[in-house]
């Protein structure tokens, strides 16, 4: 029977994935310098926005997300689903009037912060636990809604006197969650799971309505967590060989599912509007959420610490999350900041002997002119003239190729280059014997800059076709 109550083991497993999911939910929520007045914070929320069906002003945002993936449930398995999104709340600022009542103002200046109008995001969840056997056929359909409303919050000064108030208004949002599963043909007990999240709001935009009007009725930063209590999910990024065809046939629109949790776990999935790799994780050195898209903690921490006191006051008044960033950077110990400078992610034993170091006449050490780790120390390596055979033809610097990236070997963004012509700039050999082909893409207006700076794109020999002269 379908229920919104999760078992304790399911709750514990979903909590493991929520840490990364929180980074998705609030990715780009408020950008450095964390002030509402900053130009970059005036165009809000770029990821996972599901607009009302009637909003057709842009093709960049849609009214649904469609997730498909493969699972191997055992008998009696229960699927737990948690859809999360932000519900926009428009905050206005009012000052207490001498004769009583309140009047709307552009800012309210207090000793420790400057409060300004802002659109906040309140986290919402749609939760469902359903036996997998109930997903066959038409599956399960769960409508949900969040009604419109208004809330007020008094604002007091340091002495406790009410000097104003915040008024938060939010519009109604409606949606539906659809789940179904069907078995694959073949000997394996594998099923294709389909999950659709859809904005079904009936709002009709008035003439001249802008994106902000649609956002207040949208599901923002929408993503979902899935947990299978008995069985496993299959990776779509790196599926078993026998499942590659079925994995490639899965349709994922405006979202992408990856395995979540520990590297060896297969019971959790995060379906995110941001493309991630399997088992994404927060860097252990990260001291806390900084909410800035594609954040680099060290740079953000240093730049936030350099804000003026007035800039920090406005950031504190912009949003509670921005205020938390200011407090985090102001209180960060030096040893924590130092950890952000760099980290070794993995170590392996070096089995090759180090180059010999001879002694001089006085018993000292004579070091080679070229360090052993410098490519110049190996005369057999020459990236500008080395070549590799692809389909029996030599590929070297100056060759023209067609890019055929494979998801397993490349960044997912490289898939957009499928079928593009490219110029080979160098053939490189790594210390493990791997071959990497450095290229610039034909018709790329930035190719000359990439070439000058040596910032190439890299592909493996089985990811290119050789162009016939």
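In the working numbering, the protein residues as written are 1 to 469. Cβ coordinates follow ideal geometry from the N, Cα and C atoms, glycine included.
Nearest-angstrom beta carbon gap, residue j and residue i [assumed within contact, 8 Å]
i	j	result
residue 116	residue 107	5 Å
residue 24	residue 177	So it is not a contact: roughly 18 Å between Cβ atoms.
residue 152	residue 163	No, residue 152 and residue 163 are not in contact; Cβ-Cβ is about 14 Å, not under 8 Å.
residue 217	residue 52	5 Å
residue 181	residue 225	17 Å between Cβ atoms; not a contact.
residue 165	residue 94	5 Å
residue 267	residue 13	6 Å
residue 26	residue 289	7 Å
residue 429	residue 386	7 Å
residue 62	residue 227	Not quite, the Cβ-Cβ distance comes to about 26 Å (not below 8 Å), so this is no contact.
Residue i - containing beta strand (DSSP E), residue span
i	result
residue 281	Unbroken run through residue 281: none, as it is neither H nor E.
residue 164	162-170
residue 149	149-156
residue 56	Segment: none, residue 56 is in no beta strand (DSSP E) and carries neither H nor E.
residue 455	Careful: residue 455 lies outside any beta strand (DSSP E) and carries neither H nor E.
residue 440	435-441
Reference residue i; option with closest CA among the options
i	options	result
residue 112	255, 80, 240, 159	159
residue 33	395, 299, 258	299
residue 148	266, 68, 173	173
residue 74	131, 62, 322	131
residue 221	417, 8, 199	199
residue 246	72, 40, 15	72
residue 273	249, 67, 56	67
residue 45	104, 85, 69	85
residue 196	456, 69, 335	69
residue 140	100, 150, 109, 79	79
Through-space distance from residue j to residue i, alpha-carbon basis
i	j	result
residue 5	residue 81	11 Å
residue 10	residue 208	46 Å
residue 3	residue 230	17 Å
residue 169	residue 121	11 Å
residue 419	residue 396	19 Å
residue 463	residue 327	48 Å
residue 256	residue 133	24 Å
residue 405	residue 460	8 Å
residue 129	residue 118	36 Å
residue 234	residue 144	29 Å
residue 20	residue 277	12 Å
residue 29	residue 467	45 Å
residue 194	residue 98	59 Å
residue 361	residue 450	With a pLDDT of only 49 at residue 361, under 50, the local geometry of the prediction cannot be trusted, and the value read off the model is given with reservation. Distance between the alpha carbons of residue 361 and residue 450 is about 48 Å.
residue 417	residue 452	21 Å
residue 22	residue 413	23 Å
residue 223	residue 142	16 Å
residue 179	residue 259	19 Å
residue 436	residue 213	49 Å
residue 458	residue 393	19 Å
residue 309	residue 15	37 Å
residue 541	residue 161	It is not possible to answer for residue 541, since the shown part of the chain is limited to 1 through 469.
residue 312	residue 297	18 Å
residue 388	residue 263	34 Å
residue 206	residue 154	33 Å
residue 203	residue 56	12 Å
residue 210	residue 49	15 Å
residue 301	residue 40	18 Å
residue 103	residue 157	17 Å
residue 401	residue 431	25 Å
residue 7	residue 243	30 Å
residue 187	residue 77	19 Å
residue 307	residue 318	15 Å
Sheet register partners of residue i (DSSP bridge)
i	result
residue 140	179
residue 118	91
residue 3	129
residue 465	402
residue 72	232
residue 65	197
residue 227	80, 268
residue 254	None, per the DSSP bridge assignment.
residue 60	Residue 60 pairs with nothing; no bridge assigned.
residue 123	86
residue 388	395
residue 50	62, 219
residue 471	Outside the displayed span of the chain (1 to 469) sits residue 471, for which this structure offers no information.
Start and end residues, alpha helix (DSSP H) containing residue i
i	result
residue 14	8-25
residue 339	334-339
residue 103	No alpha helix (DSSP H) holds residue 103; the beta strand (DSSP E) holding it covers 102-105.
residue 306	Looking at the DSSP string, residue 306 is not in any alpha helix (DSSP H), and its letter there is neither H nor E.
residue 420	Run containing residue 420: none; DSSP gives neither H nor E here.
residue 211	211-215
residue 329	320-330
residue 244	244-248
Closer than 8 Å to chain B by CB, residue i
i	result
residue 44	The chain inventory of the structure shown lacks chain B, comprising one protein chain alone.
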